[in-house]
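Engineer: Here the protein sequences come in this chain order: R and B. Going by our numbering, the first residue of the first sequence is number 1, and it counts up by one from there. Going by our numbering, the first residue of the second sequence is number 168, and it counts up by one from there. Cβ atoms here follow ideal geometry from the backbone N, Cα and C, with glycine treated the same way. What you are looking at is a predicted structure, and each value in this text was computed from that prediction instead of being measured. Provided herewith is a single structure, encoded as structure tokens, for subsequent inquiry.
Number of protein chains: 2
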Amino acid sequence: MKPIPSGPLRSEDGAPTLDLEHFLPFRLSVLANRLTRAVARVYAQRFQLSAPEWRTMAVLGRYGAMTANSVVERTAMDKVRVSRAVARLLARERVTRRTDPDDRRRAILDLTPEGRAVYAKVVPMVLAVESELLSQLSAEERALLDRVVHKLEQRTAGDFAGSEDEI
Amino acid sequence: MKPIPSGPLRSEDGAPTLDLEHFLPFRLSVLANRLTRAVARVYAQRFQLSAPEWRTMAVLGRYGAMTANSVVERTAMDKVRVSRAVARLLARERVTRRTDPDDRRRAILDLTPEGRAVYAKVVPMVLAVESELLSQLSAEERALLDRVVHKLEQRTAGDFAGSEDEI
DNA sequence: GGGAATTGGTTTCATTGTTAACCAAGCTCC
DNA sequence: GGAGCTTGGTTAACAATGAAACCAATTCCC
């Protein structure tokens with residue numbers, strides 16, 4: 001165990017050094033990937049469900065019928081992904097789609113009873129994975145993690161470029 | 168600020184509820200994606216470099232020549248990705264590959280002078296992105312974030328399945 | 001010494017993600 | 001009322017990914 005240096009590491013010649021093991025974007029990326037896989041594992045094979053499909057079902061199950069666009073907003077997926085996920089969910093009769101009579105561009109999506117049944121089974125499973133994960137953390141740690149992640153979400157929200165000169 | 172609920176949320180009927188917005192694996196996945204893109208933005212076009220290529224260069228630049236397998240371990244990418252990244256880096260003459268005389272299955276990779284030059288230019292750029300990101304956090308928050316992420320890394324290391332009965 | 005298992009790495013193939021083009025409905029504003 | 005912009009969503013084309021098959025060199029172990 002080496003003592004933790006306070007500033008950014010520098011190599012002998014004074015140039016800043018990049019250690020992937022300590023580089024936050026990298027670490028989070030690896031971590032998030034593992035988590036996604038761990039979560040997907042509980043529903044993928046058992047319910048023949050991909051992550052985009054599950055996310056779509058998750059928001060429909062939680063908030064009720066909505067347009068594809070709303071699904072896009074709530075899931076942080078782009079519309080192509082949602083479109084394809086919905087196509088597969090329709091094929092498997094897990095959601096329905098009906099054209100909004102008030103604005104015929106819109107299609108309103110909703111879970112079928114069968115979709116709802118799948119939803120009800122999957123929710124506890126993925127929550128169990130999360131809570132197992134969090135079981136390692138104290139209440140303070142959880143609260144702070146929540147706060148910090150929230151800050152980072154804010155910080156990166158406008159698709160932060162650091163120096164994006166939008167007009 | 169809402170008070171932090173102690174247990175998992177439950178809907179009226181007592182069934183547990185899943186809110187993507189508060190589901191940690193989902194949040195981290197979205198956040199990590201944004202971070203990866205933000206970091207990639209600083210080197211992608213300017214140096215014609217993809218994320219896997221950059222990661223490969225990063226470990227070679229930091230730790231010196233090593234086999235592809237070691238790159239795999241250090242970057243947490245799978246070997247296919249590394250293999251392809253290396254192929255492109257070879258084509259652009261940013262790394263060299265020579266067969267290890269002691270074990271002719273192995274190929275030892277290293278940065279070329281040009282690769283090293285690119286590395287030296289990119290490192291400060293990505294560090295700047297990270298530090299801009301972290302500038303939002305207090306010292307305590309950073310320290311705790313580091314600790315919590317470390318815990319989660321440990322927790323998910325064995326590719327935690329929650330119930331993987333390995334022998 | 002020599003077959004079987006292992007290791008390092010690449011290729012193949014099916015899936016997925018991304019970007020741009022596209023279509024159809026609705027809105028704007030003259 | 002109709003040319004042109006905007007919005008909701010799908011399709012098409014292309015690059016990136018991951019699992020498994022594969023090849024070659026090495027080690028195991030009888």
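Distance, Cα to Cα, residue 266 of chain B vs residue 208 of chain B?
Structural biologist: Indexing the second sequence from 1 puts residue 266 of chain B at position 99. Indexing the second sequence from 1 puts residue 208 of chain B at position 41. Going by the C-alpha atoms only, they are around 34 Å apart.
Engineer: Taking the alpha-carbon of residue 219 of chain B as reference, which of B/254, B/229, B/232 and B/213 has the nearest alpha-carbon?
Structural biologist: Here residue 219 of chain B is taken as the residue at index 52 of the second sequence, counted from 1. Here the closest residue by C-alpha is B/254.
Engineer: Under a CB-based cut-off of 8 Å, is residue 17 of chain R close to chain B?
Structural biologist: As a position in the first sequence, residue 17 of chain R is number 17, starting the count at 1. So, interface residue.
Engineer: From the DSSP output, which residues share a beta bridge with residue 95 of chain R?
Structural biologist: Taking the first residue of the first sequence as 1, we reach residue 95 of chain R at position 95. Assignment of beta-bridge partners to residue 95 of chain R by DSSP yields R/111.
Engineer: Going by DSSP, what residues sit across from residue 323 of chain B in a beta bridge?
Structural biologist: Within the second sequence, numbered from 1, the residue matching residue 323 of chain B stands at position 156. In DSSP, residue 323 of chain B forms no bridge with anything.
Engineer: For residue 323 of chain B, count neighbouring C-beta atoms within 10 Å of its own C-beta (all shown protein chains included) and say buried if the count is 16 or more, exposed if not.
Structural biologist: Reading the second sequence from its first residue, position 156 is the one you call residue 323 of chain B. With 16 or more Cβ atoms within 10 Å of its Cβ, residue 323 of chain B is classed as buried.
Engineer: Quick one: which residues of the segment 44-78 of chain R get their C-beta closer than 8 Å to a C-beta of chain B? List them in chain order.
Structural biologist: 55, 58, 59, 61, 62, 74, 75 and 76
Engineer: Taking the C-alpha atoms as reference points, what is the distance between residue 302 of chain B and residue 117 of chain R?
Structural biologist: Residue 302 of chain B sits at position 135 when you count from the first residue of the second sequence. Residue 117 of chain R sits at position 117 when you count from the first residue of the first sequence. Taking the straight line from one Cα to the other gives about 45 Å.
Engineer: Using beta carbons (cut-off 8 Å, strictly below), is residue 172 of chain B in contact with chain R?
Structural biologist: For this step, residue 172 of chain B is matched to residue 5 along the second sequence. Annotation note: pLDDT 49 at residue 172 of chain B (below 50); position unreliable, coordinate value reported separately. Not closer than 8 Å to any Cβ of chain R, the Cβ of residue 172 of chain B fails to qualify, so no.
Engineer: Using a C-beta cutoff of 8 Å, does residue 288 of chain B count as contacting chain R?
Structural biologist: Reading the second sequence from its first residue, position 121 is the one you call residue 288 of chain B. Taking Cβ atoms only, chain R never reaches closer than 8 Å to residue 288 of chain B, which makes this a no.
Engineer: By a C-beta neighbour count over all protein chains shown, 10 Å radius and 16 as the cutoff for buried, is residue 196 of chain B buried or exposed?
Structural biologist: Here residue 196 of chain B refers to the residue found at position 29 of the second sequence. Residue 196 of chain B is buried by the Cβ-count criterion.
Engineer: Could you work out which residues of chain R lie near residue 263 of chain B, taking near to mean beta carbons separated by less than 9 Å?
Structural biologist: Translated into the one-based positions of the second sequence, residue 263 of chain B becomes position 96. Within 9 Å Cβ-Cβ: nothing; residue 263 of chain B doesn't reach chain R, min ~21 Å.
Engineer: Taking residue 52 of chain R as part of the alpha helix (DSSP H), name the residues at either end of that continuous run.
Structural biologist: Translated into positions along the first sequence, residue 52 of chain R becomes position 52. Residues 51-63.
Engineer: Where does the unbroken alpha helix (DSSP H) through residue 304 of chain B begin, and where does it stop?
Structural biologist: Against the second sequence, residue 304 of chain B aligns to sequence position 137. Per DSSP, residue 304 of chain B belongs to no alpha helix (DSSP H) and is neither H nor E.
Engineer: Assess, as a yes-or-no matter, whether the segment 314-323 of chain B is touched by the segment 237-256 of chain B under the definition of 3 or more beta carbon pairs within less than 8 Å.
Structural biologist: no
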